[in-house]
Amino acid sequence: MISLRIDGALFNYRVAGVAVLNDKVLLHKTPSDNFWTLPGGRCELFEFSKDTLQREMQEETGLAAEAGEMLWVSENFFLYNGDKYHEIGFYFEMQIRDLPHQDDFLGAEGQDELLFHWHDVADLHSIRVYPEFLADALTQNPLEKGHFSAEFRDLDAG
Numbered sequence: 001m002i003s004l005r006i007d008g009a010l011f012n013y014r015v016a017g018v019a020v021l022n023d024k025v026l027l028h029k030t031p032s033d034n035f036w037t038l039p040g041g042r043c044e045l046f047e048f049s050k051d052t053l054q055r056e057m058q059e060e061t062g063l064a065a066e067a068g069e070m071l072w073v074s075e076n077f078f079l080y081n082g083d084k085y086h087e088i089g090f091y092f093e094m095q096i097r098d099l100p101h102q103d104d105f106l107g108a109e110g111q112d113e114l115l116f117h118w119h120d121v122a123d124l125h126s127i128r129v130y131p132e133f134l135a136d137a138l139t140q141n142p143l144e145k146g147h148f149s150a151e152f153r154d155l156d157a158g
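Printed below as a string of structure tokens:
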């Protein structure tokens, strides 16, 4: 996985998927987190970013996903679980094949449980979603492409 520890901080190359269906977007979180993110994960060395998204969805949910057009690139600096992160994120449109329902479901990242939930796009400003640009970007119809950068944030703070 492309996550490098450099001078007491972590560089992270993350890929995430944007699945919007019936005016709801699929987000996930760990039980201990107080915020939501788009599903995805870290790219492996010599892996194309679209392949990363498809692999991560299969590993974390057992669902087959197809990565579509790239929507956003994000440069994000944050503190999480005591670590400083410098994250580059690629965000793709995502279709989930054979989606059985839009109910909540559990997934896993290794030994860690993940809760998946379809949030109403109109309600995103009333929850904590990171990176913060997502609350605005996901309300656009159609979704507008862009590049976003965020100043340092403490994700552990309530």
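Quick note: the sequence shown uses UniProt numbering, first residue 1, plus one each step.
All C-beta atoms, glycine included, are put in the ideal place defined by N, C-alpha and C.
Computed from a predicted model, the values in this text were never measured in an experiment.
Give me the Cα-Cα distance between residue i and residue j, rounded to the nearest whole angstrom.
i, j, result
"H125", "K84", "25 Å"
"D7", "D156", "21 Å"
"Q54", "V15", "10 Å"
"N81", "L4", "16 Å"
"P100", "L10", "37 Å"
"V25", "F133", "14 Å"
"F77", "R153", "7 Å"
Our contact map puts residue i next to residue j with C-beta atoms below 8 Å; I'd like the distance itself, whole angstroms only.
i, j, result
"S74", "P131", "5 Å"
"V121", "V20", "7 Å"
Please classify residue i: does DSSP put it in a helix, a strand, or coil?
i, result
"K50", "helix"
"R42", "strand"
"S32", "coil"
"A64", "coil"
"R14", "strand"
Span of the beta strand (DSSP E) holding residue i?
i, result
"L134", "Premise fails: L134 lies in the alpha helix (DSSP H), 133-137, not in any beta strand (DSSP E)."
"M94", "83-96"
"H119", "112-120"
Using DSSP bridges, identify the partner residues of residue i.
i, result
"H147", "V73"
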